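Have a look at the structure below before the remarks.
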Amino acid sequence: AQSVSQHNHHVILSEAASLELGCNYSYGGTVNLFWYVQYPGQHLQLLLKYFSGDPLVKGIKGFEAEFIKSKFSFNLRKPSVQWSDTAEYFCAARSYNTDKLIFGTGTRLQVFP
Amino acid sequence: DAGVIQSPRHEVTEMGQEVTLRCKPISGHDYLFWYRQTMMRGLELLIYFNNNVPIDDSGMPEDRFSAKMPNASFSTLKIQPSEPRDSAVYFCASSSRPGQGGVETQYFGPGTRLLVL
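Going down the list, the protein sequences come from chains A and B.
Going by the numbering used here, the residue at position 71 of the first sequence is 71; the numbering climbs one at a time, nothing skipped.
Numbering-wise, the numbering used here comes out as the position in the second sequence, counting from 1, plus 1000.
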């Protein structure tokens, strides 16, 4: 079955530390990939997305993600996190021939000043 | 654009009662998705519609759950009878399918936080 795996369930960092959250997907064909963020008490918001072209995708708030097809990965990165980045981060994938997004279980990020 | 609108934002009810959650998608979007989010199971897709027609309801947990989309601007998710294990945050999302080569982005509503006592 198609699936998305996020192996980091809970990440704790100090401000200015670098961040990398892992995401792996199980689709074999063309795939669209997304990272969503959910701030405390709020709904999911799109951070960035990949569908084709440059495998390094820039998103909002200084986030970026790199699509590595050979590793079936789409890891999220930020060089220097801020306290306001405290949130839950969800990776999602959609096989090109379906309409459904499959979400990972999420990674809770806590950033301390 | 007001985005995806959901109501109510919070619902507290007693076990056995009927619960109806409402969603208004973004105007022009022809896909609508209902998700449930819990600590134990994360974010689960319950059902989705395309052009008001249910396409995949394989995520609906059981017959107590039903969803309708009578027109392009309104959908309901109903739980009858409700049980404590239905307590969760229910999100509605909508999207359009752009032209060939485009990407579908789902836009989420603020969610309905349901507590069944």
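Even for Gly, the Cβ is constructed at its ideal location relative to N, Cα and C.
Model, not experiment: these values are computed from the prediction.
Rounded to the nearest angstrom, the gap between the Cα atoms of residue 35/A and residue 106/A is 10 Å. In this structure, the straight-line span from the alpha carbon of residue 1077/B to that of residue 1005/B is close to 14 Å. The beta-carbon separation of residue 1031/B and residue 1096/B, rounded to 7 Å, stays under the 8 Å limit for a contact. In the DSSP assignment, residue 83/A forms no beta bridge with any residue. DSSP places residue 49/A inside the beta strand (DSSP E), whose first and last residues are 44-50.
Contact annotation: in the stretch 1048-1063 of chain B, residues whose CB is within less than 8 Å of a CB in chain A are 1048, 1050, 1055, 1056. The stretch 1010-1017 of chain B makes no contact with the stretch 25-44 of chain A, as fewer than three CB pairs between them are under 8 Å. For residue 1004/B, there is no enclosing beta strand (DSSP E), as DSSP marks it with neither H nor E. Between residue 1040/B and residue 1054/B, the C-beta gap is not smaller than 9 Å, which leaves the two residues out of contact. In this structure, the straight-line span from the alpha carbon of residue 1065/B to that of residue 1109/B is close to 20 Å.
The residues 23, 91, 104, 105, 107, in chain order, have a CB closer than 6 Å to that of residue 6/A in the same chain once the five nearest residues on each side in sequence are set aside. Among the residues of chain B, none has a CB under 8 Å from the CB of residue 107/A; the nearest is roughly 11 Å distant. Sequence-distant partners of residue 1088/B (beyond 5 residues in either direction) whose C-beta falls short of 7 Å from its own C-beta, in its chain, are 1036, 1037, 1038, 1114. DSSP, read as helix, strand or coil, puts residue 1057/B in coil. Boundaries cannot be given for residue 8/A, as no beta strand (DSSP E) includes it and DSSP labels it neither H nor E. For residue 85/A, the closest Cβ of chain B is not nearer than 9 Å. When rounded, the separation of the alpha-carbon atoms in residue 1091/B and residue 43/A is 8 Å.
DSSP, read as helix, strand or coil, puts residue 61/A in helix.
By DSSP's assignment, residue 1105/B forms no beta bridge with any residue.
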